[in-house]
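Before any comments, here is the structure.
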Amino acid sequence: MSKSDRIEITDLHLRAIIGINPDERRNLQDVLINIVLYVDSHLAAKSDDISDSANYRTITKEIIKLVESSKFYLIEKLASEIATICLKSQQVETVSVNVQKPTALRFAKSVGITIERSKTQS
2 MSKSDRIEIT
12 DLHLRAIIGI
22 NPDERRNLQD
32 VLINIVLYVD
42 SHLAAKSDDI
52 SDSANYRTIT
62 KEIIKLVESS
72 KFYLIEKLAS
82 EIATICLKSQ
92 QVETVSVNVQ
102 KPTALRFAKS
112 VGITIERSKT
122 QS
């Protein structure tokens with residue numbers, strides 16, 4: 002599969018309980034999520050049928066549900082769980098997930114992690 006076909010979900014702003022400090026365990030914090038779904042879009046482009054493509058609306062709804070109900074300590078764990086959701090879609094072979102925590106450091110705009118996962122990884 003070529004990694005040239007990408008579906009991009011950009012700047013998904015959500016709120017979650019995430020972090021290791023006591024106040025982070027009590028208060029919702031902003032998280033900013035960017036996702037790239039690597040797909041082969043040739044069939045969907047021919048058929049114009051959503052069943053031949055990764056349904057980004059369905060994927061995003063599941064991610065929102067996860068994030069809003071989560072209580073993870075680390076952004077690494079949150080990013081990994083988001084990747085798992087994305088890879089459940091039959092059409093997604095590889096995913097890149099970037100999770101940013103804008104309020105993590107006092108003098109920084111944001112702290113984040115970017116992970117890449119694929120179905121071929123064990």
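Be aware that the sequence shown starts at 2, since it is given in this note's numbering, and climbs by one per residue. Just so you know, even glycine gets a beta-carbon here, dropped at the ideal spot from N, CA and C.
- Beta-bridge partners assigned by DSSP to D6: none are found.
- E77 sits exposed, since fewer than 16 C-beta atoms from the chains shown fall within 10 Å of its C-beta.
- By the neighbour-count definition (other C-beta atoms within 10 Å, threshold 16), A109 is an exposed residue.
- Under the DSSP assignment, I114 falls outside any alpha helix (DSSP H), being part of the beta strand (DSSP E) whose first and last residues are V112 to S119.
- Contact check for I8 against L38 passes: the beta carbons are separated by less than 7 Å.
- If only complete runs of 4 or more residues are kept, the segment 13-62 shows the alpha helix (DSSP H) at 23-27 and 43-48, in order along the chain.
- When secondary structure is reduced to three states using DSSP, S90 falls in the coil class, being assigned neither helix nor strand.
- Residue state for T95 is assigned as strand, using DSSP reduced to three classes.
- Between N35 and T11, the CB-CB gap stays under 7 Å.
- V100 is bridged by DSSP to I34 and I114.
- Listed in chain order, the non-local C-beta contacts of L13 below 6 Å within the same chain comprise I34, local neighbours out to five positions each way being set aside.
- At the C-beta level, L44 and D53 come within 7 Å of one another.
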